Structures are given as C-alpha cells and as structure tokens.
Amino acid sequence: NIPPMVACDQNGDGTEMFDLTTHTTTVENGQVGLTITYHLTQADADAGTNAITNYTATNGGLIYVRAVNSQNCAQVGSFELQVSPLPVFAVPTDLEACDDETAD
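Just remember that the working numbering sits 914 ahead of the position in the sequence shown, which is counted from 1.
So this is what it looks like as structure tokens:
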C-alpha cells in the first residue's frame, strides 16, 4: 500500500503537475538498492517501458510504480494522485451597532 501523492490546487482548476520522483523515498519504504520507475499503465509498469517522471493530473489519477532490486526482481504497485482544493475563506459581513450613549 503506497500512500497517495497530494498537491494543492493552486489556481482552482483541479489540475496540478506532480514530480513523481519526489515520491521515491516513500515508495522505497526504507529499502536500499532499488530502481524505481513510474508509469501510466499497468502494462507499461509490468514491462518496464514508457517510464515518466512528471505528470499533470486533473482531479487526481492513478500512477503505477515499478521497483527492481539488484537481483533484477521486479514488483509493481500503484498509488493515487490527489488534487486538493485550497481552503475558501468566507467574506465576513460588516458589523453595525448603534451608539446608544451619545451625549446631548
């Protein structure tokens, strides 16, 4: 189970660019000597072809990852890309009060 990659939706369009290589340490999970590649399809990950490093996702997506150790044994998994909306601040309404203690 590889945790998702999360990016904040900087301009409100639901689309963000992900640098997949920044997720490598998470994918390795403390293992050393692995070669990690990222793929758009399970078939590409299984074959070790068409590796990508960056991906622009609209409203998320699924990335396949291939890990190969020094004995050339490979394992394929996947993780989600999540585009999170920025917080929305409510516009406060103006407060009005009457001054009941005005001097004559």
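Note that beta-carbon positions come from the ideal geometry of N, C-alpha and C, so glycine has one too.
Please read all numbers here as calculations on a predicted model, not as lab measurements.
Would you kindly check if the distance between the Cβ of residue j and the Cβ of residue i is under 9 Å?
i      : j       : result
Val997 : Glu930  : yes
Thr970 : Phe932  : yes
Thr949 : Ala981  : yes
Gly926 : Leu1009 : no
Based on Cα-Cα distance, which residue from the options lies nearest to residue i?
i      : options                          : result
Thr940 : Gly928, Met919, Gly926, Gly947   : Met919
Ser984 : Ile916, Val946, Gln924, His937   : Val946
Ile977 : Thr951, Asp923, Asp1014          : Thr951
Glu994 : Ala1011, Gly926, His937, Asp923  : His937
Ile966 : Asn925, Ala1004, Leu1009, Leu934 : Leu934
Asp958 : Asn973, Gln989, Ile916           : Gln989
Gly944 : Asp960, Gln924, Ile916           : Ile916
For the alpha helix (DSSP H) containing residue i, list its first residue and its last residue.
i      : result
Asp960 : 956 to 961
Quick check on the DSSP output: the beta strand (DSSP E) that includes residue i runs from which residue to which?
i      : result
Val990 : 988 to 998
So what does DSSP say about residue i, is it helix, strand or coil?
i      : result
Ala921 : strand
For residue i, verify whether its CB is less than 8 Å away from any heavy atom of the ligand MG.
i      : result
Asp958 : The ligand content of the structure shown is nil, which means the ligand MG is not present either.
Notebook entry, point to check: Which full runs of the beta strand (DSSP E) of 3+ residues lie inside the stretch 923 to 984, going along the chain?
Noted result: 929 to 933, 949 to 953, 968 to 972, 975 to 982
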